[in-house]
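Novice: Protein chains in written order, with the numbering used here: chain H, 26 to 125; chain U, 26 to 125; chain S, 26 to 125; chain B, 26 to 125.
Protein chains: 4
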Amino acid sequence: MANWHETEVRVRYAETDQMGIVHHANYLVWFESARSELCRSKGFSYKEMEAAGHALLVVAEAYVRYKSPAFYEDVLTVKTHVSEVRSRSIRFVYEVHRKS
Amino acid sequence: MANWHETEVRVRYAETDQMGIVHHANYLVWFESARSELCRSKGFSYKEMEAAGHALLVVAEAYVRYKSPAFYEDVLTVKTHVSEVRSRSIRFVYEVHRKS
Amino acid sequence: MANWHETEVRVRYAETDQMGIVHHANYLVWFESARSELCRSKGFSYKEMEAAGHALLVVAEAYVRYKSPAFYEDVLTVKTHVSEVRSRSIRFVYEVHRKS
Amino acid sequence: MANWHETEVRVRYAETDQMGIVHHANYLVWFESARSELCRSKGFSYKEMEAAGHALLVVAEAYVRYKSPAFYEDVLTVKTHVSEVRSRSIRFVYEVHRKS
Chain H
26 MANWHETEVR
36 VRYAETDQMG
46 IVHHANYLVW
56 FESARSELCR
66 SKGFSYKEME
76 AAGHALLVVA
86 EAYVRYKSPA
96 FYEDVLTVKT
106 HVSEVRSRSI
116 RFVYEVHRKS
Chain U
26 MANWHETEVR
36 VRYAETDQMG
46 IVHHANYLVW
56 FESARSELCR
66 SKGFSYKEME
76 AAGHALLVVA
86 EAYVRYKSPA
96 FYEDVLTVKT
106 HVSEVRSRSI
116 RFVYEVHRKS
Chain S
26 MANWHETEVR
36 VRYAETDQMG
46 IVHHANYLVW
56 FESARSELCR
66 SKGFSYKEME
76 AAGHALLVVA
86 EAYVRYKSPA
96 FYEDVLTVKT
106 HVSEVRSRSI
116 RFVYEVHRKS
Chain B
26 MANWHETEVR
36 VRYAETDQMG
46 IVHHANYLVW
56 FESARSELCR
66 SKGFSYKEME
76 AAGHALLVVA
86 EAYVRYKSPA
96 FYEDVLTVKT
106 HVSEVRSRSI
116 RFVYEVHRKS
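1. Hey, does S/Gly-45 have any beta-carbon neighbour from chain H nearer than 8 Å?
2. Are the C-beta atoms of H/Met-26 and some chain U residue less than 8 Å apart?
3. If you measure from the beta carbon of H/Leu-81 to each beta carbon in chain U, is any gap under 8 Å?
4. Please name the residue, chosen from H/Ala-77, H/His-122, H/Met-44 and H/Arg-113, that lies closest to U/Met-74 on a Cα-to-Cα basis.
5. How would you list, in chain order, the residues of chain H whose beta-carbon sits under 9 Å from the beta-carbon of U/Trp-91?
6. Rank U/Tyr-91, U/Ala-80 and U/Ser-70 by C-alpha distance to the C-alpha of U/Arg-113 and give the top, closest one.
7. What residues in the stretch 34-67 of chain B bring their beta carbon closer than 7 Å to a beta carbon of chain U?
8. In whole angstroms, give me the CA-to-CA distance for S/His-30 and S/Lys-104.
9. Among the candidates B/Ala-59, B/Ala-39 and B/Arg-116, whose CA atom is the shortest distance from the CA of B/Leu-101?
10. Helix or strand or just coil, what does DSSP make of B/Glu-75?
11. If we ignore side chains and look at the alpha-carbon of each, how far apart do H/Ser-108 and H/Ile-115 end up?
12. Give the single residue among U/Phe-56, U/Arg-37, U/His-49 and U/Trp-55 whose Cα lies nearest to the Cα of B/His-48.
13. State the start and end residues of the unbroken alpha helix (DSSP H) segment that holds U/Ala-59.
14. Less than 8 Å between the CB atoms is what I'm expecting for B/Lys-72 and H/Tyr-97, so what's the real figure, rounded?
15. Just to confirm, is the Cβ distance from B/Glu-57 to H/Ala-39 under 8 Å?
16. Would you say U/Ile-46 and U/Ala-95 are within 8 Å of each other, going by their C-beta atoms?
17. From the beta carbon of U/Tyr-119, is the nearest beta carbon of chain B less than 8 Å away?
18. Which chain H residues are close to B/Lys-72, counting only those with a beta carbon under 7 Å from its beta carbon?
19. On a Cα-Cα basis, can you pick out the residue from B/Ala-77, B/Asn-28, B/Lys-124 and B/Val-121 that is closest to B/Ser-66?
20. Using DSSP bridges, identify the partner residues of H/His-30.
21. Relative to the C-alpha of H/Phe-123, which residue among H/Arg-111, H/Val-54, H/Ser-93 and H/His-106 is closest?
22. Could you check the C-alpha separation between B/Asn-51 and U/Val-110 for me, to the nearest Å?
23. Given B/Glu-62, which residues of its chain have a CB within under 7 Å of its CB, disregarding the five upstream and five downstream residues?
24. Quick one: residues in its chain with C-beta nearer than 6 Å to the C-beta of S/Met-26, no 5 flanking neighbours on either side, listed in chain order?
25. Here's the rule: buried if 16 or more other CB atoms are within 10 angstroms of the residue's CB, otherwise exposed. What is S/Val-121?
26. Please name the residue in H/Gly-68, H/Tyr-91, H/Val-89 and H/Val-84 whose C-alpha comes closest to that of U/Tyr-91.
27. Which residue wins for smallest C-alpha separation from U/Arg-35, given the options U/Gly-78, U/Asp-42, U/Asp-99 and U/Thr-41?
28. Does the Cβ-Cβ distance between U/Leu-53 and H/Leu-53 come in under 8 Å?
29. What separation, rounded to the nearest whole angstrom, lies between the Cα atoms of S/Asp-42 and U/Ala-77?
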């Protein structure tokens, strides 16, 4: 997929909850990892930008649709792309798929 | 506030990130706590319903707008109310305020 | 109990794992909360000390014995006391009990 | 290293705290991941054992010495080995190193 960056995530035991599925808050954590990886893949270090005091990227909005659960030890692919760049904001879109 | 249930949350150190603010994923965790408390306040135990195998409430969708950051040791009020009840879903709305 | 400070914790759904009990890493988070509360109860703000750049308290060592599991919605009491103060370190001891 | 299994962990932003280092509770989560990977590398699935109801491995004790901090985006190697096997318990030992 041309414009999508792919990151692999292995579901950790700690990420499950007593329903036996991944707790829904963890997806935001994976999206953030995927964002970092996308940046690194473009030769851009979010870490250095932040350390240099150039800018802070604060999450202003998040929307998630959970279509089917993920389970312990699943290997997931988080696909990420930049859907909108404005003067003061960037919008990322993610899709999580179970690796087949 | 008539229809809003209020839950108090004290920000934990572990909930901050290196930007010095609460990591955005924690709000989903607080919303869930607030939801549980709202249910308990109505004499309804989500825990017992789940244990009895009557139903599982899975999070299907989440939307968050982050308006201003929260900080370590802040005491926050999470206001919760049920905005929509349908045959197979319930929608909750939350507002988080710094306690004044 | 004379020298023990008591903090109450309500177990969150997100703190459970697929075994149906509290994931063991969360105890360290609760100990930290209890530590903060103990400090506040003595009129000492860890937050201000850190912000003033006077000192950083880094966790150097942790030991936990898990005697019996805690469950979703349990109300727990975390008892905390300072067991040792040395020139460059403080040792805290915690006990977690299900509230009776 | 003959008897040590190595797992790689990339530090996530969410794993840092406001001190700018990895929050100490996350190490227990990484140890668990490393344990799962060690099992998988031996052709043993903890997931299947649990699902089959054969056994549950509960963490009974944890001890951590934090020697130096880890930072956002660090690539760490978690070395794991089984140090003791008894009739009802297994002891794992872990070492975390910054990848050089």
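We treat Cβ as the ideally placed atom computed from N, Cα and C, and that holds for glycine.
Specialist: Well, looking at it:
1. Taking the first residue of the third sequence as 1, we reach residue 45 of chain S at position 20. S/Gly-45 counts as touching chain H.
2. Taking the first residue of the first sequence as position 1, residue 26 of chain H is located at position 1. Caution is warranted here: a pLDDT of 45 is assigned to H/Met-26, below 50, making its placement in the model unreliable, and the coordinate value is therefore given only provisionally. No, because no Cβ of chain U sits closer than 8 Å to the Cβ of H/Met-26.
3. Along the first sequence, one-based indexing puts residue 81 of chain H at 56. With 8 Å as the cut-off, H/Leu-81 counts as an interface residue toward chain U.
4. Indexing the second sequence from 1 puts residue 74 of chain U at position 49. The shortest C-alpha to C-alpha distance from U/Met-74 to any of H/Ala-77, H/His-122, H/Met-44 and H/Arg-113 is the one to H/Met-44.
5. Your numbering for residue 91 of chain U matches position 66 in the second sequence. According to the sequence as given, residue 91 of chain U is Tyr; it is not Trp. Within chain H, the residues near U/Tyr-91 are Val-83, Val-84, Ala-85, Glu-86 and Ala-87.
6. Counted from its first residue, the second sequence places residue 113 of chain U at position 88. When C-alpha distances from U/Arg-113 are compared across U/Tyr-91, U/Ala-80 and U/Ser-70, the shortest belongs to U/Ala-80.
7. If the cut-off is 7 Å between Cβ atoms, the stretch 34-67 of chain B has Tyr-38, Ala-39, Thr-41, Asp-42, Gln-43, Gly-45, His-48 and Ala-50 near chain U.
8. As a first step, residue 30 of chain S must be located in the third sequence, where it is residue number 5. As a first step, residue 104 of chain S must be located in the third sequence, where it is residue number 79. Cα to Cα, the separation comes out at about 6 Å.
9. The residue given as residue 101 of chain B occupies position 76 in the fourth sequence. Among B/Ala-59, B/Ala-39 and B/Arg-116, the Cα nearest to that of B/Leu-101 belongs to B/Ala-59.
10. Here residue 75 of chain B refers to the residue found at position 50 when the fourth sequence is read from its first residue. B/Glu-75: helix per DSSP, three-state reduction.
11. Residue 108 of chain H sits at position 83 when you count from the first residue of the first sequence. Residue 115 of chain H sits at position 90 when you count from the first residue of the first sequence. Taking the straight line joining both Cα atoms gives about 8 Å.
12. On the fourth sequence, position 23 is the one that residue 48 of chain B refers to. Of U/Phe-56, U/Arg-37, U/His-49 and U/Trp-55, the residue nearest in Cα terms is U/Arg-37.
13. Looking up residue 59 of chain U in the second sequence gives position 34. Per DSSP, U/Ala-59 belongs to the alpha helix (DSSP H) from 51-66.
14. On the fourth sequence, position 47 is the one that residue 72 of chain B refers to. On the first sequence, position 72 is the one that residue 97 of chain H refers to. Between H/Tyr-97 and B/Lys-72 the Cβ distance is about 6 Å, and since that is below 8 Å, they are a contact.
15. As a position in the fourth sequence, residue 57 of chain B is number 32, starting the count at 1. As a position in the first sequence, residue 39 of chain H is number 14, starting the count at 1. Against a cut-off of 8 Å, the Cβ pair of H/Ala-39 and B/Glu-57 comes out as a contact.
16. Sequence index remark: in the second sequence, residue 46 of chain U carries index 21 (1-based). Sequence index remark: in the second sequence, residue 95 of chain U carries index 70 (1-based). Contact annotation: U/Ile-46 and U/Ala-95 have beta-carbon atoms nearer than 8 Å.
17. For the purposes of this step, residue 119 of chain U is taken as residue 94 along the second sequence, with counting starting at 1. No, U/Tyr-119 does not count as interfacial toward chain B.
18. Here residue 72 of chain B corresponds to residue number 47 of the fourth sequence, with the count starting at 1. Per Cβ cutoff of 7 Å: Tyr-97 and Glu-98.
19. Mapped onto the fourth sequence, residue 66 of chain B falls at position 41. Selected option, being the one with the closest Cα: B/Asn-28.
20. In the first sequence, counting from the first residue as 1, residue 30 of chain H sits at position 5. Residue pairing of H/His-30 in beta bridges, as defined by DSSP: H/Thr-105.
21. As a working note, residue 123 of chain H is residue 98 in the first sequence. Residue identity check: residue 123 of chain H is Arg in the sequence provided, not Phe. Taking only the C-alpha atoms, the option nearest H/Arg-123 is H/Ser-93.
22. Walking along the fourth sequence from the start, residue 51 of chain B turns up at place 26. Walking along the second sequence from the start, residue 110 of chain U turns up at place 85. Answer to the nearest angstrom: the Cα atoms are 38 Å apart.
23. The residue given as residue 62 of chain B occupies position 37 in the fourth sequence. Here the set comprises His-30 and Thr-32.
24. Position 1 of the third sequence, counted from the first residue, corresponds to residue 26 of chain S. Because the pLDDT at S/Met-26 is just 45, under 50, the model does not fix this residue reliably, and the point stays unresolved.
25. One-based indexing of the third sequence puts residue 121 of chain S at position 96. Answer is buried; the Cβ neighbour count reaches 16.
26. What you label residue 91 of chain U is simply residue 66 of the second sequence in a count that begins at 1. Comparing Cα-Cα distances from U/Tyr-91 to each of H/Gly-68, H/Tyr-91, H/Val-89 and H/Val-84, the minimum goes to H/Val-84.
27. Translated into positions along the second sequence, residue 35 of chain U becomes position 10. The residue with the shortest Cα to Cα distance from U/Arg-35 is U/Asp-99.
28. Working through the second sequence from its first residue, we reach residue 53 of chain U at position 28. Working through the first sequence from its first residue, we reach residue 53 of chain H at position 28. Yes, the pair counts as a contact, with Cβ atoms nearer than the cut-off.
29. By one-based count along the third sequence, residue 42 of chain S stands at place 17. By one-based count along the second sequence, residue 77 of chain U stands at place 52. Answer to the nearest angstrom: the Cα atoms are 18 Å apart.
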